[in-house]
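Chemist: I have a structure I would like to understand better, so I am pasting it below and will then ask my questions one at a time.
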Amino acid sequence: MSLDKQDVEKIAHLARLDINDADVSAYAQNLSSILDLVEQMNSVDTDNVEPMAHPTDAVQRLREDEVKESNQREHFQKIAPQVEDGLYLVPKVIE
Amino acid sequence: MHNKTIAELSRSLQQGDFSSEELTRHFLARIESLDGALNSFITVSAERALSQAKQADQRLAKGENGPLIGIPLAQKDIFCTDGVKTSCGSKMLDNFIAPYNATSVEKLNVAGTVMLGKTNMDEFAMGSSNETSFYGAVKNPWNTDTVPGGSSGGSAAAVAARLIPCATGTDTGGSIRQPAALCGITGLKPTYGRVSRYGMIAFASSLDQGGPLTRTAEDAAMLLGAMAGFDERDSTSIDTPVPDYCAELDRDLKGLKIGLPKEYFGEGLDSGIGDAVHGAMDEYKKMGAEIIDISLPNTHLAVPAYYVVAPAECSSNLSRFDGVRFGYRCENPKDLEDLYKRSRGEAFGAEVKRRIMIGAYVLSSGYYDAYYLKAQKVRRLISGDFKQAFEKVDVIMGPTSPTPAFKIGEKADDPITMYLSDIYTIAVNLAGLPGMSIPAGFANNMPAGLQIIGNYFAEAKLLNVAHKFQQVTDFHTKTPDAFK
Chain A
25 MSLDKQDVEK
35 IAHLARLDIN
45 DADVSAYAQN
55 LSSILDLVEQ
65 MNSVDTDNVE
75 PMAHPTDAVQ
85 RLREDEVKES
95 NQREHFQKIA
105 PQVEDGLYLV
115 PKVIE
Chain B
11 MHNKTIAELS
21 RSLQQGDFSS
31 EELTRHFLAR
41 IESLDGALNS
51 FITVSAERAL
61 SQAKQADQRL
71 AKGENGPLIG
81 IPLAQKDIFC
91 TDGVKTSCGS
101 KMLDNFIAPY
111 NATSVEKLNV
121 AGTVMLGKTN
131 MDEFAMGSSN
141 ETSFYGAVKN
151 PWNTDTVPGG
161 SSGGSAAAVA
171 ARLIPCATGT
181 DTGGSIRQPA
191 ALCGITGLKP
201 TYGRVSRYGM
211 IAFASSLDQG
221 GPLTRTAEDA
231 AMLLGAMAGF
241 DERDSTSIDT
251 PVPDYCAELD
261 RDLKGLKIGL
271 PKEYFGEGLD
281 SGIGDAVHGA
291 MDEYKKMGAE
301 IIDISLPNTH
311 LAVPAYYVVA
321 PAECSSNLSR
331 FDGVRFGYRC
341 ENPKDLEDLY
351 KRSRGEAFGA
361 EVKRRIMIGA
371 YVLSSGYYDA
381 YYLKAQKVRR
391 LISGDFKQAF
401 EKVDVIMGPT
411 SPTPAFKIGE
421 KADDPITMYL
431 SDIYTIAVNL
441 AGLPGMSIPA
451 GFANNMPAGL
461 QIIGNYFAEA
471 KLLNVAHKFQ
481 QVTDFHTKTP
491 DAFK
């Protein structure tokens, strides 16, 4: 699989990553060679193989719907870049 | 004091030969004078350590006899520690003071251990050399021109240099075992679900597992006993009782069946490492074990499948780092998208960006079946290889890493060559099995690691098999000259 500069720019946008223009072609090269490595998987037939999502095939554990944790909003917001009245601040979204 | 194992230190503390405070000051002084050459610590928490040590001394004075009371340790900087910077080796979390403790940290605190600091690591645990850390490369104490391995390279280097008796690590594709091998110490990756992942910053959630890095198997048994156990805060934690890992250490190995996979001895294996592994097999034969040739035919597919599963899960996990709630935020964002993109772009290093992008690509619309689903099917095949092997053998052995420690910078610009450093360790994570690395000799004057792989929840068996080897060999007692 060969990715070009446009592909890298598209993927970087999907991942919300700002990439320097100067680095785009190096990423295109690296990512293409990683995908080449990955494509070695195609050397084996897996048509009748059950996909494995969890190493021991465990299923999601359920619990009673009870409140156990206490509210620690102020404690957790102390490390936020910008908060006001208990809300996280970001640049204006709606004009 | 620094040449003693945890087991020996524990006896001395109980007998009152020295206090935990004296022990803690001794190791803090070693870190202060010797870590400049290694860069194995990101944060040293001296004040907190001394206060924990004083508490430990009070517990000891009251006659409490927990085996880890007063034992100094270091936490890999991926474990959240309440009130202490938890950087994960990244600029993204350079300003992050964790507001809570990881479950493993909490359990080790309750057991009475004294945390001296947080160890250096590859950024977000993505790397096999410790060169991707925002805080600079860690050096291998056996030769400071070489890497200590990664991603738990700071923990491995610190234990090998006797700057700390033991440390924690995490292993997603070999990140405990490979640095343990390259630094000549003992490292154990438990069965997936054995040690809680709560508060352990997530890289690839279906592969990550925390575990101990120590000098000996006995020490690893002591530390694992305190770290393991069910945790309702980790949705994939497994509710199985924790055995006494020290109880079975001395069990006789007569009749033990050891499988040697032929795929682990092919092209690319350094001959000195191969010799060390074969030498270890001779020791096991002397102890009455039987060596059986086996095959794990899908081994060559492990690295390719891993580089779909791990990046896919990482791109999803690392989406939380958005510059809004904690961590790095760029200056003067012009809108919300700019805030996300520049915060992430400025704070993540190149390897993390590569993996996020590979993950975003393989999960993007139209590619899911060809990549992620295919990788999950290959994962089943790899797991099936082990299942078949464990019908015939008790443990599987082979090299941990194909080569001894390589030079700093040698593989830094070539991701694929770097990824192949984990060729023998990655399949174990895909299958979710426990694996260990123990010192088995030297190749070119650098440590060679023996990997021991067990069936699910067979940690006690691995520790027994490793401990018996350490009773008849002295590789695990060797210390690099500059750190004696």
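Quick mapping for you: the protein sequence lines, in order, are chains A and B.
Mind the numbering: the first sequence is residues 25 to 119 in our numbering, read in order.
Mind the numbering: the second sequence is residues 11 to 494 in our numbering, read in order.
Glycine is no exception: its CB is placed at the ideal position from the N, C-alpha and C atoms.
How far does the alpha helix (DSSP H) with P105 of chain A in it reach, from first residue to last?
Modeler: Premise fails: P105 of chain A is in no alpha helix (DSSP H) and is neither H nor E.
Chemist: For Y316 of chain B, which residues of its own chain have a beta-carbon under 7 Å away from its beta-carbon, when the five flanking residues on both sides are left out?
Modeler: Once the five neighbours on either side are set aside, the close Cβ partners of Y316 of chain B are G183, I436 and L440.
Chemist: How should R172 of chain B be labelled, buried or exposed, when 16 other C-beta atoms within 10 angstroms of its C-beta is the threshold for buried?
Modeler: Buried: at least 16 other Cβ atoms inside 10 Å.
Chemist: Smallest Cα separation from R261 of chain B: which of B:E228, B:E116 and B:L270?
Modeler: With distances taken between Cα atoms, R261 of chain B lies closest to B:E228.
Chemist: CB M407 of chain B to CB I211 of chain B, shorter than 8 Å?
Modeler: Going by C-beta atoms, M407 of chain B is not nearer than 8 Å to I211 of chain B.
Chemist: Have a look at K150 of chain B and D45 of chain B and give me their C-alpha separation to the nearest angstrom.
Modeler: Position check: residue 150 of chain B holds Asn in this sequence, whereas Lys was assumed. For N150 of chain B and D45 of chain B, the distance between alpha carbons rounds to 11 Å.
Chemist: So D31 of chain A is in the alpha helix (DSSP H); what residue range does that whole segment cover?
Modeler: Segment K29 to L38, the alpha helix (DSSP H) holding D31 of chain A.
Chemist: On a CA-only basis, which of B:G459, B:R330 and B:V124 is nearest E57 of chain B? Give me that one, please.
Modeler: Nearest option by C-alpha distance: B:V124.
Chemist: I believe P343 of chain B touches P115 of chain A by the beta-carbon criterion, under 8 Å. Please report the beta-carbon distance rounded to the nearest angstrom.
Modeler: With 8 Å as the limit, P343 of chain B and P115 of chain A qualify as a contact, their Cβ atoms being about 5 Å apart.
Chemist: At what residues does the alpha helix (DSSP H) containing L44 of chain B begin and finish?
Modeler: Its alpha helix (DSSP H) spans residues S30 to L44.
Chemist: For a quick check, are the C-beta atoms of S57 of chain A and I426 of chain B less than 8 Å apart?
Modeler: Going by C-beta atoms, S57 of chain A is nearer than 8 Å to I426 of chain B.
Chemist: May I ask you to report which of helix, strand or coil DSSP gives T113 of chain B?
Modeler: Here T113 of chain B sits in helix by DSSP.
Chemist: Under a CB-based cut-off of 8 Å, is D345 of chain B close to chain A?
Modeler: For D345 of chain B, the answer is yes, since a Cβ of chain A falls inside 8 Å of its Cβ.
Chemist: So, is A492 of chain B buried or exposed, given that buried needs 16 or more other C-beta atoms within 10 angstroms?
Modeler: It counts as exposed.
Chemist: Would you say the segment 304-318 of chain B touches the segment 62-69 of chain A, given that touching needs at least three Cβ pairs under 8 Å?
Modeler: The segment 304-318 of chain B vs the segment 62-69 of chain A: in contact.
Chemist: May I have the straight-line CA-CA distance separating V169 of chain B from D28 of chain A, to the nearest angstrom?
Modeler: Straight-line Cα distance between these residues: approximately 44 Å.
Chemist: Along chain A, which residues have their Cβ under 8 Å away from the Cβ of A370 of chain B?
Modeler: Per Cβ cutoff of 8 Å: I35, L38 and A39.
Chemist: Going straight from the alpha carbon of S100 of chain B to that of R354 of chain B, what length do you get?
Modeler: For S100 of chain B and R354 of chain B, the distance between alpha carbons rounds to 11 Å.
Chemist: If distances are taken between C-alpha atoms only, which option among B:A230, B:A360, B:A71 and B:T246 comes closest to Y255 of chain B?
Modeler: When only C-alpha atoms are compared, the closest one is B:A230.
Chemist: Tell whether a beta-carbon distance below 8 Å holds between A84 of chain B and K128 of chain B.
Modeler: It is a contact, given that the beta carbons lie within the stated cut-off.
Chemist: For a contact meaning CB atoms closer than 8 Å, what does A104 of chain A contact in chain B?
Modeler: Under the 8 Å cutoff, chain B gives V334, R335 and F336.
Chemist: Rounded to whole angstroms, what is the Cα-Cα separation between P79 of chain A and V388 of chain B?
Modeler: The straight-line gap from Cα to Cα measures roughly 12 Å.
Chemist: For the putative contact between L223 of chain B and C176 of chain B, defined by C-beta atoms under 8 Å, what is the C-beta separation to the nearest angstrom?
Modeler: That pair is a contact at about 7 Å.
Chemist: Say whether chain B places a C-beta atom closer than 8 Å to the C-beta of Q30 of chain A.
Modeler: Not one chain B Cβ lies under 8 Å of Q30 of chain A.
Chemist: Suppose you measure from the CA of T413 of chain B to the CA of A290 of chain B; what does that come to, to the nearest Å?
Modeler: Those two C-alpha atoms are separated by around 17 Å.
Chemist: So with Cβ pairs under 8 Å, would you call S57 of chain A a contact of chain B?
Modeler: Cβ-Cβ to chain B under 8 Å: yes for S57 of chain A.
Chemist: From the DSSP secondary-structure annotation, give me the bridge partner or partners of V205 of chain B.
Modeler: DSSP output for V205 of chain B lists B:A238 as bridge partner(s).
Chemist: Could you name the residues of the segment 93-119 of chain B whose beta carbon sits closer than 9 Å to any beta carbon of chain A, in the order they occur along the chain?
Modeler: For the segment 93-119 of chain B, which is checked against every Cβ of chain A, the residues closer than 9 Å are N105, F106, I107, A108, P109 and Y110.
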